[in-house]
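Participant: If you read the sequence shown in the working numbering, its first letter stands for residue 1, the second for the next number, and so on.
Glycine included, C-beta positions come from ideal geometry on N, C-alpha and C.
Please read all numbers here as calculations on a predicted model, not as lab measurements.
Let me begin by handing over the structure; questions about it come next.
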Amino acid sequence: MTSSPSKNAPHLPPSSTGPQLGSPRSLGRLRQQKSAHQLSSNYAALNGPSLISQQRQQQRITSVSQATSIPPPPVPAIPSPQKHVRARSNSDAVVPNAVNAGPSLKRTPLPKKPVDPKDELRSLIRHGPRSDVPDALQSLRHWILVDGLEADNDGMSDLRIYVWLILLNSPALPTDNYLNLIRRGPSPAYAKIRNDTHRTLMTNVLFQRRVRENSIIRLLNAVAWKLHDAKSDRLTDSGRFTNASNGLGSPELQHASPAIKHAKGASTATNDGSEAGGSEPGIYVQGMNVLCAPFLYTCRTEPQAFIAFYHFITRECPGYIRGAMDGVHKGVALVERCLTVADARLSAHLTSKGVNAQIYAFASVLTMSACTPPLPEVLLLWDFLFAYGSHLNILCICSQLMMMREELLADPSPGKLLRSFPPLQAKEIIALTVNLVRKIPSDLYEELVHHAE
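In structure tokens, the structure reads:
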């Protein structure tokens with residue numbers, strides 16, 4: 001009697017000593033053997049019998065032929081295994097007479113990349129001119145006239161201030177020198193400066209967003225101190241020369257009465273004062289706040305703007321900052337004379353209507369056209385003026401009038417149109433000015449060059 005298995009006995013898995021038929025493991029081995037058989041058969045079909053099988057076949061044929069005395073058939077030659085041979089490259093080729101092979105073997109030089117004018121200008125600013133300085137300046141002027149300085153929509157250019165400093169021949173200024181002028185406090189012209197600074201391009205959004213009124217006050221106050229010191233030095237030197245010429249320094253007058261010394265000194269001071277009132281530069285005149293505005297807008301720092309502005313007003317237009325502003329009045333008169341040469345009909349029409357240049361051109365002459373918006377166009381115009389001379393501003397004003405010619409001739413009251421000039425178009429104004437220079441007589445042009453001295 002057989003005993004039934006216990007309910008509590010564990011269920012044992014089948015034996016795993018070897019693969020069973022139909023299991024995944026046995027099927028995998030069958031597939032491996034089948035694939036190996038196919039590979040060996042394919043290799044034998046492609047490559048023929050092996051070397052050992054060929055030798056055994058040869059032995060069987062030899063033994064049969066010896067027994068039957070029949071010559072054995074020829075055995076086909078066993079092909080030697082082929083070696084992989086690298087294809088010959090161009091460098092393996094042997095060139096006969098490589099020295100005398102001719103120009104066909106020479107490599108063609110690669111074309112040179114065109115030089116970016118901006119990179120060339122940066123190299124000029126950083127390293128100086130490669131050739132003579134006059135030739136480099138002439139190339140710079142021509143490049144400004146033809147291509148112009150690259151700038152964004154707001155007129156900002158990282159190269160403009162350095163180009164201005166080069167064209168104005170302004171030396172480098174230590175920052176401490178500017179700070180020392182600031183530390184001296186309010187100048188004698190401080191009250192006049194404060195009355196004008198808040199009106200500096202007050203409707204120009206670009207300028208008001210970038211330049212603060214405090215910067216204008218500091219700059220103009222420092223310039224006023226600089227002009228004051230220069231004026232004091234000139235008065236001191238002239239006083240020494242006058243005292244020596246009048247004999248005040250002679251031993252005979254060393255013990256003279258104070259009344260005599262005062263009388264002689266008063267006459268000398270009166271003569272110097274009368275001459276200084278008309279010919280000596282002042283320390284501040286109205287309009288200098290607008291003249292310094294483009295410098296503050298363009299420069300990176302206040303010391304840069306200070307040295308550029310100071311050299312501009314003392315070298316390019318010192319007659320504009322004199323107490324009587326005689327250079328400005330000369331420039332206004334030259335506007336009418338140059339307009340008569342450029343467009344006689346327009347000039348006669350304005351004169352017949354009682355519109356003279358003193359009414360419409362005074363502000364543009366005094367500020368170098370900086371009073372006419374937009375500011376980016378003013379900067380383009382100033383690039384041209386600094387390159388070829390600030391005296392050309394007179395002809396630029398005439399060019400603006402000629403651009404308004406049809407409206408002015410058709411209007412019975414042209415003075416109303418000239419209360420404010422239309423927005424500047426720097427490129428058109430420069431093109432007209434260049435053509436206008438050829439029409440100006442040499443004697444009139446000579447006055448034009450020297451009117452602001």
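1. Looking at the structure shown, is R31 part of a helix, part of a strand, or coil, going by DSSP?
2. Quick one, are the C-beta atoms of A357 and V328 less than 7 Å apart?
3. State buried or exposed for R160, treating a residue as buried only when at least 16 other CB atoms are found within 10 Å of its CB.
4. Let me confirm a value: D343 is counted as buried when at least 16 other C-beta atoms fall within 10 Å, else exposed. Which label applies?
5. Can you tell me the Cα-Cα spacing of H451 and T203, whole angstroms?
6. Does DSSP classify S322 as helix, strand or coil?
7. Tell me, to the nearest whole angstrom, how far the beta carbon of A308 is from that of L168; I am working on the premise that it is less than 8 Å.
8. Which whole-angstrom value describes the C-beta separation of I283 and A361, a residue pair presumed to lie in contact below a C-beta threshold of 8 Å?
9. Would you kindly check if the distance between the Cβ of L381 and the Cβ of L392 is under 7 Å?
10. Leaving out five residues on either side along the sequence, give the residues of the same chain with a beta carbon under 7 Å from the beta carbon of Y162.
11. Taking C-alpha atoms, which residue in A426, T372, S170 and A333 lies nearest to A305?
12. Going by DSSP, what residue range makes up the alpha helix (DSSP H) through T197?
13. Below 8 Å CB to CB, which residues in the same chain sit around T197 once its five sequence neighbours on both sides are set aside?
14. Assuming I359 and G415 make a contact with CB atoms under 8 Å, what is their CB distance in whole Å?
15. For E453, tell me which candidate among Y320, V355 and A324 has the shortest Cα-Cα distance.
16. Out of H142, A222, L201 and F207, which has the shortest C-alpha to C-alpha gap to L181?
17. Assign Q54 to buried or exposed, taking buried as 16 or more other Cβ atoms, counted over all protein chains shown, within 10 Å of its Cβ.
18. Where are the alpha helix (DSSP H) runs, 4 residues long or more, that stay fully inside the region 120–147, in chain order?
19. Buried or exposed: which applies to S369, given that a residue is buried once 16 or more other Cβ atoms fall within 10 Å of its Cβ?
20. Starting from Y178, follow the alpha helix (DSSP H) in both directions and report where the run begins and ends.
21. Going straight from the alpha carbon of E447 to that of L296, what length do you get?
22. May I ask you to report which of helix, strand or coil DSSP gives T270?
23. Just tell me which of E120, G128 and L227 has its CA closest to the CA of M323.
24. Do T433 and L395 have their C-beta atoms within less than 7 Å of each other?
25. Measuring alpha carbon to alpha carbon, tell me which of E406, T175 and N153 ends up nearest R345.
26. Below 8 Å on the Cβ atoms is my contact criterion, and I expect L339 with C299 to pass it. Report the Cβ-Cβ distance as a whole number of Å.
27. List the endpoints of the continuous alpha helix (DSSP H) containing T298.
Facilitator: Looking at the coordinates:
1. In this structure, R31 counts as helix in the three-state DSSP scheme.
2. No; because the gap between Cβ atoms is not below 7 Å, this pair is not in contact.
3. That one is buried.
4. Label assigned to D343: buried.
5. Taking the straight line from one Cα to the other gives about 31 Å.
6. The question names Ser, but residue 322 is Arg in the sequence shown. DSSP places R322 in strand when its eight states are reduced to three.
7. Confirmed, Cβ separation roughly 6 Å.
8. About 26 Å separates the two Cβ atoms, so there is no contact after all.
9. No, these two residues do not count as a Cβ contact at 7 Å.
10. Excluding residues up to 5 positions away in sequence, I125 lie with their Cβ nearer than 7 Å to the Cβ of Y162 in the same chain.
11. It is S170 whose Cα lies nearest to the Cα of A305.
12. T197: member of the alpha helix (DSSP H) spanning Y190 to T197, first to last residue.
13. Within the same chain, E213, I216, I217, L220 and N289 come within 8 Å of T197 by CB-CB distance, once the 5 residues on both sides are set aside.
14. Rounded, the Cβ-Cβ distance is 7 Å, consistent with contact.
15. The shortest Cα separation from E453 among Y320, V355 and A324 belongs to Y320.
16. Its Cα nearest to that of L181, the residue A222 stands out among H142, A222, L201 and F207.
17. When all chains shown are included, Q54 counts as exposed.
18. As summarised for the region 120–147, the continuous alpha helix (DSSP H) elements at least 4 residues long and confined to that stretch are 133–146, given in chain order.
19. Its Cβ being crowded by 16 or more others within 10 Å, S369 is buried.
20. Run containing Y178: T175 to R183, per the alpha helix (DSSP H) assignment.
21. If you take the alpha carbons of E447 and L296, they lie about 31 Å apart.
22. Its pLDDT being 33, under 50, T270 is placed unreliably by the model, and the measurement read from it follows with that caveat. Three-state result, T270: helix.
23. Residue 323 is actually Gly in this sequence, not Met. Comparing Cα-Cα distances from G323 to each of E120, G128 and L227, the minimum goes to L227.
24. In this structure, T433 lies near L395, with their beta-carbon atoms less than 7 Å apart.
25. Measuring from the Cα of R345, the nearest candidate turns out to be E406.
26. That pair is no contact at about 34 Å.
27. It spans M288 to T298 - the alpha helix (DSSP H) in which T298 sits, taken as one unbroken run.
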